[in-house]
Every structure is written in C-alpha cells, then in structure tokens.
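Note that numbering that gives the first Met the number 0 numbers the sequence shown so that position 437 is 436, with each residue one more than the last.
Ideal Cβ positions, reconstructed from N, Cα and C, are used throughout, including at glycine.
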Amino acid sequence: MNKPLRRIAIFCGLLVLALLIRDNWLQYVKADSLRTDPNNRRVLIARYSTPRGNIIVGGDPITGSKKTATDSLNDFAYKRTYKDGPMWAPVTGFASQAFGATQLESLEDGILTGTDDRLFFRNTLDMLTGKPKQGGNVVTTLNAAAQKAAYDGLKGVGGKGAAVALDPQTGAILALASYPSYDPSSFAGNSTSVDSKAWTSLQKKNNPSDPMLNRALRETYPPGSTFKVVTAAAALENGLYTSADQPTNSPVPYILPDSTTPLKNEGSINCKNVNMREALRVSCNSVFGKMGADLGKDKMLEEAKKFGFNSEQFTPVRAVASNFPEEMNRPSTALSSIGQYETAATPLQMAMVASAVANDGKLMKPYMVDKLQAPNLDVVAQTQPEELSRPLSEQNAQILQSMMETVVKQGTGTRAQIDGATVGGKTGTAQHGLNNSEKPYAWFISYAKLADGSSPVAVAVVVEDESANRDDISGGGLAAPIAKNVMEAVIKSKK
0 MNKPLRRIAI FCGLLVLALL IRDNWLQYVK ADSLRTDPNN RRVLIARYST PRGNIIVGGD
60 PITGSKKTAT DSLNDFAYKR TYKDGPMWAP VTGFASQAFG ATQLESLEDG ILTGTDDRLF
120 FRNTLDMLTG KPKQGGNVVT TLNAAAQKAA YDGLKGVGGK GAAVALDPQT GAILALASYP
180 SYDPSSFAGN STSVDSKAWT SLQKKNNPSD PMLNRALRET YPPGSTFKVV TAAAALENGL
240 YTSADQPTNS PVPYILPDST TPLKNEGSIN CKNVNMREAL RVSCNSVFGK MGADLGKDKM
300 LEEAKKFGFN SEQFTPVRAV ASNFPEEMNR PSTALSSIGQ YETAATPLQM AMVASAVAND
360 GKLMKPYMVD KLQAPNLDVV AQTQPEELSR PLSEQNAQIL QSMMETVVKQ GTGTRAQIDG
420 ATVGGKTGTA QHGLNNSEKP YAWFISYAKL ADGSSPVAVA VVVEDESANR DDISGGGLAA
480 PIAKNVMEAV IKSKK
C-alpha cells in the first residue's frame, strides 16, 4: 500500500475509533444524565405515555390520570388528576406536563411512572408477556379525616396558616395542611392557554396570598410562647429546676440582663416568683425569659437543636430549617427563649416539639411515605420508624406533660379539651413586624393521651388572620379549636 492510501486508511480508522468512543460515551457514561435531562422531550413523552401510579391515603387514591387528545400540538397521552386537590396539594405537590413536578410527585416520579430501577425485573416480565408498562404507588402515612379537619379548620378561619399532625410513637405524619392552597389539576396539562393562565394566576407576584407556598414545611414563623415548652425542657434537663412546682425566684418587673428594659407580661397576670407550672399556664414572659438568660445561650441552643432546630428535615419532602440564633447577647437570649427575637419555626418543627414531649422525651424522625408499591402491589420499599434524638429524659418529659396538661385543664388552652382524652398543650401569640406593628400569629401545639396512656397524635397549628381585630388574635382562640378537631379525628379513626 502506498503512502497516501495508508494515511487515508489510518485517518478513516481514527474516525471509526472516535465514533465508537463517542457512541459508548453516550450510551453508557452519559445515559442516565441524558435520560433524566429535563430538556429531553422523550423523557416527558414517556412520563405521560401511560397512566401514572397513584398516591394513596388510607387505602384510597387521591390522584388519577386522564386520557388526553393527542395531536401535533400535544403528544402527551395522559395528564394527572387530583381528588380534593387543594386539600392534598401540600402532600402531593403537582405533576404538570408544562411546568414539571414537585414534592412527592417529583421525588417518587420513578415509582409513579414505572421507570425506577427497583421495578426492572417487573418491567422486564411485563415486556416479555406483552403487558404495557405501569406505574407503582406511593402509600402515605396521612389520615384523611385528620387532613380534612386541619384544612377545613384553616379555611374556616379565613386567613393564612398551616397545621401538622404527627404520630409521636413513630414520627408518621398524619396531617399536613396549608391554606390558602391551589388545585394541581388546574395546570396539569400541556402549555395551553387554560393551564398557563391558571399557573400565572397562582404565582406570588400575581397572587399575594401565595397559595403555592407550603406553609407547613417551607415557611418559618416566630413561635411565640409555644417555644416556652423548649425553654422549660432546657431548664429541667440542665437541673435549673427539678420539678414543676418549685418557685422560680422570678421578679416582676424582670429587667433584661445588661439593660434597663423590662420584659413585660401580657395583661395583669401574676408572675412574681411563680413555679413553672403556673408560669406555663398563664404564659409568663418574665419567668421564661429569665430562665433562658440564666441557662445561657449555649445550653438553650443545645436543647433547641435536640428538638430539631437549625436542621432541615426530609419527610421525604424537604422542610426548611427552623432557627434558634447561635450568636446572641444576654438580652437576646432572654427574648429568644420566649420565641421572639430571631427564633423562627415551621409548623412541622413545633409539632415535633409536642411529639417529643408526648413520647416521653423521644423524638422520632417525621415521615409521610409508608411504603412504595410495584404495579402488582408488591412492596418495593417500607419506611421504618427512626429515632431522631432524645431532647428529654422520660422523667422530665412527664413533668413537662403535667405542665402542658394544666394549660389545657385550667389555663389558656381550655378550648382544646376532648372528652375521654387527656390533652396537653401550649398557646402562643407571636408578635412580628417593625416594633410589633403587624398583627400577631396565633399558635397552638398539643398532644392527646388516651386512657391506656398511649399518645396517638401531636399537633401544631399556626394562623395568620389579617382580618381579625388585633385584640381577638390568640392561640387559644383561633388555633386551639383547629388542633382539637384534628386530634379528635385521629382518635376516632383509632376506635
């Protein structure tokens, strides 16, 4: 072979080698990233080529799929539908042909579309037998009656707010409601004028109420006096006090450390040298502010972190981290210890606080997916309850339970009383805005105990009622009745 032909042959060989390397790179190295690339339209067509599996609550699907007309403008065969969409949106998220997917619809997309690697053998068998590919199911821990009670309660108040209910013994989420909400069905289709108009109307810039915000997991509020439960726990755990009924040596007025500013109490309540039980019952700022300052920021921060503050939670939907400040002077520590200053919490976080107290000091990791199912209902994955931390000893948790139960029996939380159950709770009215100029948030955290000593439910409710008179806003008045209805729904479902 002469030299020119040899060069051409070598060059052609190099081209073939480059082609083989490129082909293998795309098929094996880049396969997953190309398959999941949001700009790959084949992925979207495949996602909506068959009905999606369902999200299940109490044995019943709260989602579905609807056949759509395909044409040159729409090549998606099915679109997602939702039952009671606004009520369940904080749980499901949305799956939209035009706008993507969020929350469980996104996190468990592989199971719902049938493309998850754990379904490989099932999909292979279906392919051999000629069955069309099917999606699996996501079975949640949610309680339908509790969710309805939470959502209807928030809707009935008419403002903004959220409610979370947990099973203290397992961490299972029983209710996760946010109001106002949205219907994911309204924009589940392709980018038609109807879907686009619905999507645009829900965006915060066009809708100040921000209905697509998941307030239960993604919004933090000053927790106000509900945080006094954490401060009481820190005092017990660090030996500042050893019982609920010993005097606290708290003066009135209590002057914030290193300042001349008094920490005021609401109304004309008696807080001078009262014990912790009485201080929690009537919600004494002076007692708990002094308690936090006496403990110091390091001990307060340590206890707050044990309850879950300053850490994101994954349910598996991500909840933003609640905040207890890490850098504070002594006056700020006192204010933070009554749920003000820079202390901020999600409703999930405050439900975790009530849950840990109810569960004798053991905090369980919150979760909302019980199991994942293959299309034939075989279990692909099962969630096992997991202990997150021990904020309190069993003895101290029981002391704190007795204090919270006094709040409901004869304190600020009497509207949460339930016949046949023992309820512990704490109200909160959290100031916010420049110089506390905005209307306060109404909080209530609680748990219910049955005659056998078990605690099937712990709840946190926060309400932003912008239409209410400022003097009428209180955790006991607005939030406690909602919590009561949620707890009653869970108790009835256990019978």
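| said: Let's test the definition: count the other Cβ atoms within 10 Å of the Cβ of Leu-175 and tell me whether it reaches 16, buried, or not, exposed. | reply: buried
| query | Anyone know if the C-beta pair for Ala-459 and Val-163 falls short of 8 Å? | reply | yes
| request: Please name the residue, chosen from Ala-420, Thr-247 and Ile-44, that lies closest to Ala-450 on a Cα-to-Cα basis. | output: Ala-420
| query | What residue from Val-316, Phe-313, Thr-314 and Asn-309 has the CA that sits closest to Pro-324's CA? | reply | Asn-309
| request: Can you have a look at Val-156 and say buried or exposed, based on whether 16 or more other CB atoms are within 10 angstroms of its CB? | output: buried
| How do the stretch 376-385 and the stretch 394-414 stand: do at least 3 beta-carbon pairs fall below 8 Å, yes or no? | no
| request: Output yes or no for whether 8 Å exceeds the beta carbon distance between Gly-338 and Gly-412. | output: no
| task | Check whether the stretch 83-94 touches the stretch 50-67, taking contact to mean three or more Cβ pairs, one atom from each stretch, closer than 8 Å. | result | yes
| task | Please work out which residues of its chain come closer than 8 Å, Cβ to Cβ, to Asn-248, disregarding the five sequence neighbours upstream and downstream, and give them in chain order. | result | Asn-272
| Identity of the residues DSSP links to Leu-371 by a beta bridge | Val-137 and Ala-380
| message | What would DSSP say about Thr-67, mapped onto helix, strand or coil? | response | coil
| field | Status (buried if at least 16 other CB within 10 Å, exposed otherwise) for Asn-136 | value | buried
| request: Answer yes or no: do Leu-362 and Ser-392 have a C-beta to C-beta separation smaller than 8 Å? | output: no
| field | According to DSSP, residues forming a beta bridge with Thr-247 | value | BP columns for Thr-247 are empty, so no partner.
| Best match in Val-319, Gly-295, Met-351 and Ala-355 for proximity to Arg-329 [C-alpha to C-alpha] | Gly-295
| said: Please classify Gln-409 as buried or exposed, where buried requires at least 16 other C-beta atoms within 10 Å of its C-beta. | reply: exposed
| query | According to DSSP, is Glu-107 helix, strand or coil? | reply | coil
| Reference Ile-110; option with closest CA among Asp-151, Ile-55 and Gly-160 | Ile-55
| said: So for Thr-428, helix, strand or coil by DSSP? | reply: strand
| query | Roughly how many angstroms lie between the CA atoms of Ser-23 and Thr-219, to the nearest whole one? | reply | What sits at residue 23 in the sequence shown is Asn, not Ser. Roughly 48 Å separates the two Cα atoms.
| field | Cut-off 7 Å between Cβ atoms - residues of its own chain near Ser-105, not counting five sequence neighbours on either side | value | Gly-92
| field | Cβ-Cβ separation, Val-286 to Ala-278 (assumed contact under 8 Å), whole Å | value | 4 Å
| task | Closer than 6 Å by C-beta to Tyr-178: which residues in its own chain qualify, once you throw out the five before and the five after it? Chain order, please. | result | Leu-153, Lys-154 and Gly-160
| field | Coarse secondary structure for Phe-10, derived from DSSP in three states | value | helix
| said: Just checking Arg-329 against the ligand MN - is the residue's beta carbon closer than 7 Å to any of the ligand's heavy atoms? | reply: This structure lacks the ligand MN; in fact it carries no ligand of any kind.
| message | Can you list, in chain order, the residues of its chain with a C-beta nearer than 8 Å to that of Pro-252? Leave out the 5 residues immediately preceding and following it. | response | Pro-261, Leu-262, Lys-263 and Ser-285
| Taking the alpha carbon of Glu-490 as the point to measure from, which residue in Thr-80, Lys-66, Ala-144 and Gly-99 has its own alpha carbon closest? | Reading the sequence as shown, one finds Ile at residue 490 and not Glu. Of the candidates Thr-80, Lys-66, Ala-144 and Gly-99, the one whose C-alpha sits nearest the C-alpha of Ile-490 is Ala-144.
| query | So, is Ala-567 buried or exposed, given that buried needs 16 or more other C-beta atoms within 10 angstroms? | reply | Nothing can be reported for residue 567: it is not among the residues displayed for the chain, which extend from 0 to 494.
| Closest by C-alpha distance to Met-211, when choosing among Asn-237, Ala-243, Lys-289 and Met-86 | Met-86
| query | How should Lys-494 be labelled, buried or exposed, when 16 other C-beta atoms within 10 angstroms of its C-beta is the threshold for buried? | reply | exposed
| request: Compare the Cα-Cα distances from Asp-297 to each of Phe-98, Ser-453, Ser-336 and Thr-426 and report the closest residue. | output: Ser-336
| field | alpha helix (DSSP H) segment containing Ile-54, residue limits | value | Ile-54 -> not in any alpha helix (DSSP H); beta strand (DSSP E) instead, spanning 54-56.
| Secondary structure at Phe-306, three-state DSSP: helix, strand or coil? | coil
| query | Less than 8 Å separating the beta-carbons of Thr-140 and Leu-173? | reply | yes
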